[in-house]
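Let me begin by presenting the structure, written as structure tokens, before commenting on it.
Protein chains in written order, with our numbering: chain B, 1 to 171; chain D, 1 to 194; chain H, 1 to 376; chain P, 1 to 165.
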């Protein structure tokens with residue numbers, strides 16, 4: 001049987017079939033492993049855009065201590081980060097800087113919009129200097145409502161993001 | 001700190017004008033606090049027609065001056081009356097009167113004056129079609145008298161378009177660099193949906 | 001090279017002087033940019049560039065009535081929101097001629113002192129972590145939660161309380177709040193007394209902050225500094241003492257002053273103030289009337305005459321004034337917020353000149369500066 | 001004071017903390033306990049009832065569709081819009097009820113202050129994160145659901161520090 005299959009004339013077909021089988025066998029566990037790694041290292045860029053950074057700071061404090069999940073560890077360099085937590089209002093002066101920061105980050109990268117101002121503009125829906133939400137600037141993965149959100153809500157948002165990454169196809 | 005204490009500690013430089021001028025404030029009104037009235041009278045005595053007292057309340061005085069005299073009067077307030085810093089510089093747009101009022105809230109860290117705020121107000125001509133910096137909306141800067149107004153005046157320049165002459169650094173402070181609209185705190189600048 | 005966004009240019013300086021942008025994405029800058037020119041390690045000149053969180057609060061206030069102004073006017077300093085609403089409420093009460101009930105005055109004082117501690121602890125945490133002292137980040141953020149719990153019981157929100165309202169406060173204290181408050185304040189005071197040994201007598205902090213960024217008394221006065229910056233330079237000015245509002249003249253406290261005017265003194269004054277706040281809260285809880293109304297009933301769209309008022313209070317960052325002009329409409333004609341952060345910003349170029357670059361975080365954060373408030 | 005004594009003092013006060021209890025709240029398992037069922041308002045006395053300002057709860061049998069909450073929110077965040085519901089109530093002739101967009105809501109509670117019919121309260125529910133903006137819009141039907149939450153952790157203070165339990 002096998003001898004019939006492995007003929008010189010259909011060796012190419014066999015190799016490509018084998019490749020398919022291998023990819024199918026490895027893809028899922030490998031992708032799972034990659035996603036598992038990404039889930040537990042959601043490190044955000046240290047960019048504070050407005051007042052939600054207060055609750056972001058409180059989330060890293062001793063009471064909520066998000067680092068026990070391995071996420072949201074305040075980090076200095078944006079080249080080693082894969083998460084942007086947009087902490088509040090994006091003004092017209094800040095928006096190009098935010099995009100500049102996002103563009104410099106390596107893939108894969110995720111965005112959490114924290115607070116009403118980052119989602120829709122919130123209180124500042126009629127202000128002359130505030131963008132109505134950051135959807136026009138960055139692609140958002142998870143929305144965390146509140147003004148500012150409680151640290152619990154932020155942790156819940158991060159867990160939603162982890163769920164989302166689990167279901168994503170690792171590349 | 002009560003007003004009676006204030007009066008006894010009053011600095012020697014300030015001469016309290018006791019004679020009732022035609023221009024001085026009528027002291028018969030009981031609700032006018034005494035210490036503040038004396039301060040206002042000091043100004044009236046020295047400048048007479050040049051200043052106009054808007055109101056005298058407890059701990060608050062507001063005087064209105066012409067923009068030609070403001071530097072001179074501010075120097076007097078700073079040197080002789082010991083008001084040493086500015087708490088706020090507020091620009092207010094009055095489109096009907098065609099003027100922009102600028103109010104300097106002056107405070108003092110001297111012991112006897114520390115509860116007082118003297119609001120020194122002046123007004124500039126308002127242009128309907130503003131080009132900040134190059135139109136007639138100009139005022140003399142008080143930066144050389146009160147050093148602390150430097151950033152406040154910069155803010156007033158970008159928000160109301162009032163150019164302060166002799167200000168060393170009339171640049172934009174808070175607004176985005178590419179702001180090309182009319183100054184936002186003017187009344188004819190409408191915000192979204194209103 | 002890709003196209004640069006507007007406002008960012010690559011300047012060419014001569015070989016000796018280098019321009020360095022600190023911020024807005026920089027762990028040590030907060031929400032602002034500081035453009036420093038350095039010669040080797042020494043700062044030649046410094047140009048602060050705030051405005052990254054400028055949201056037009058003053059313009060928005062002209063389109064909202066006196067009550068709906070409350071939520072957005074507290075946003076500039078969300079962790080000191082009682083103190084930023086305080087002058088607004090005092091001003092609107094004068095405009096509308098409201099008389100605040102006695103119990104509400106005491107509750108306001110308690111809430112505003114709790115809030116001052118919450119603010120100061122957050123600032124202290126930031127100051128600690130930017131000086132490389134991560135214990136000083138963990139301890140204040142942890143102790144802050146004790147007070148946040150109290151404020152949450154009182155107002156229902158962690159930081160944006162929206163608790164003060166013209167004519168009193170939104171709701172009364174919950175049952176047995178006094179006991180919980182006393183217990184937590186006692187524990188809190190015990191905790192913050194330990195900061196002295198771990199932070200203020202720490203040789204690392206001392207070597208980084210003593211004699212850096214010295215602000216002389218005369219300069220502090222002429223620059224118009226306020227709050228802890230001013231009191232660290234030896235000027236005794238506290239609005240709570242000099243122009244007492246609500247019930248501060250009935251309470252027993254003192255204002256703290258230090259002489260040296262360096263970063264160390266500026267970082268120590270808020271801590272001394274917190275100890276003083278604990279005293280005020282205990283004192284106010286003793287003197288508070290046990291029952292009574294806490295709020296004057298307001299009409300939905302209250303109107304006022306042609307009045308203008310300038311009220312100020314002592315916030316966590318110094319004197320905080322609100323200048324409200326009313327022209328008889330339900331909305332104010334103009335609201336000007338004069339904040340301590342914006343007034344202290346002018347000290348920064350002055351203090352950093354001739355300083356080493358490494359001292360920049362120590363000097364900058366010691367100014368008790370909250371960029372969101374300064375931008376408004 | 002010398003450098004050495006400063007270091008010893010700092011180390012000493014730090015080492016004491018080994019014996020101190022853990023302050024961390026283990027969030028998804030434990031949740032904080034709040035005062036009451038959430039922020040409420042009594043229009044008769046004009047004073048609120050203390051409580052957490054979380055997600056709203058709408059009582060359909062009390063809502064009259066008067067739009068006062070929506071008007072109150074207009075100057076704040078424009079989060080409340082009135083929508084048609086397929087229900088017949090005799091106090092609600094127009095059959096409109098508030099729908100709240102939590103992407104805009106700032107949880108200030110002024111809509112609760114505005115409601116004269118005890119129809120709109122706030123609850124202790126704060127876990128509202130979502131993948132999409134649409135998921136943040138709560139219709140009247142969603143708003144009437146009473147959140148089922150177990151919140152029992154409280155701060156306990158004793159000689160060995162504060163802890164949750």
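We put the CB at the ideal spot given by N, CA and C, even for glycine. Being a predicted model, the structure only gives us computed values, none of them experimental.
Residues of the same chain with a CB within less than 7 Å of the CB of residue 152 (chain D), apart from the 5 flanking positions on each side, are 86, 88, 89 in chain order. With its beta carbon less than 7 Å from one in chain D, residue 59 (chain H) belongs to the interface. Residue 310 (chain H): member of the beta strand (DSSP E) spanning 308-315, first to last residue. Contacts between residue 176 (chain D) and chain B, judged by CB atoms closer than 8 Å, involve 91, 92, 93, 129 in chain order. Proximity of residue 126 (chain B) to chain D, defined by a Cβ-Cβ separation below 7 Å, is satisfied. Following the DSSP letters along the chain, one finds residue 180 (chain D) in no beta strand (DSSP E), marked with neither H nor E.
At a cut-off of 7 Å, the C-beta of residue 132 (chain D) has no neighbouring C-beta in chain B.
Residue contact with chain H for residue 84 (chain D): present (Cβ-Cβ distance below 7 Å to some residue of chain H). Think of a sphere of 8 Å around the beta carbon of residue 191 (chain D): the chain B residues whose beta carbon falls inside it are 126, 127, 128, in chain order. Boundaries of the beta strand (DSSP E) harbouring residue 96 (chain P): 96-101, taken from the DSSP string. The Cβ atoms of residue 376 (chain H) and residue 76 (chain H) lie closer than 7 Å to each other. Taking the beta carbon of residue 184 (chain D) as reference, the chain B residues within 7 Å of it are 128, listed in sequence order.
In the three-state scheme derived from DSSP, where H, G and I count as helix and E and B as strand, residue 121 (chain P) is classed as strand. Interface with chain H (7 Å Cβ-Cβ cutoff): residue 61 (chain B) is included. By the Cβ neighbour-count rule, residue 87 (chain B) is buried, with 16 or more other Cβ atoms within 10 Å of its own. Within the region 145-172 of chain D, contact with chain H at the beta-carbon level (separation under 7 Å) is assigned to 147, 148, 150, 151.
For residue 59 (chain B), the secondary structure class from DSSP, reduced to helix, strand or coil, is helix.
In the displayed model, residue 116 (chain D) falls within coil according to three-state DSSP, outside both helix and strand. Excluding residues up to 5 positions away in sequence, 136 lie with their Cβ nearer than 6 Å to the Cβ of residue 130 (chain P) in the same chain.
Taking all protein chains in view, the Cβ of residue 152 (chain H) is crowded by 16 or more other Cβ atoms within 10 Å, so the residue is classified as buried. When rounded, the separation of the alpha-carbon atoms in residue 167 (chain B) and residue 34 (chain B) is 12 Å. Taking a Cβ-Cβ cut-off of 9 Å, the neighbours of residue 187 (chain H) in chain P comprise 157, 161, 162, given in sequence order.
Look at residue 53 (chain P): its C-beta is under 7 Å from a C-beta on chain H.
Per the C-alpha coordinates, the member of B:137, B:42, B:57, B:16 positioned closest to residue 129 (chain H) is B:57.
Taking each of H:118, H:233, H:355 in turn and checking the Cα distance to residue 215 (chain H), the smallest one comes out for H:233. For residue 134 (chain B), the three-state secondary structure derived from DSSP is coil. Just so you know, the alpha carbons of residue 303 (chain H) and residue 318 (chain H) end up roughly 31 Å apart. In this model, residue 163 (chain P) and residue 44 (chain H) are separated by some 49 Å (Cα to Cα).
Near chain D, meaning a CB-to-CB distance below 7 Å, the residues of the region 233-250 of chain H are 235, 237, 242, 243. Taken through DSSP and simplified to helix, strand or coil, residue 33 (chain B) comes out as helix. If you check each beta-carbon in the region 119-134 of chain P against every beta-carbon of chain H, the ones closer than 9 Å belong to 122. In summary, the residues of the region 151-166 of chain B whose CB is separated from some CB of chain P by less than 7 Å are 152, 153, 155, 156, 157, 160, 164, in the order they occur in the chain. A Cβ-Cβ contact shorter than 7 Å links residue 46 (chain P) with residue 297 (chain H).
Taking the Cα of residue 169 (chain H) as reference, the smallest distance to any Cα among H:293, H:50, H:238 is reached at H:293. Pairing residue 35 (chain H) with residue 177 (chain D), the inter-Cα distance amounts to about 15 Å. In terms of beta-carbon proximity, residue 91 (chain H) stays away from the interface with chain D, with every pair separated by 7 Å or more.
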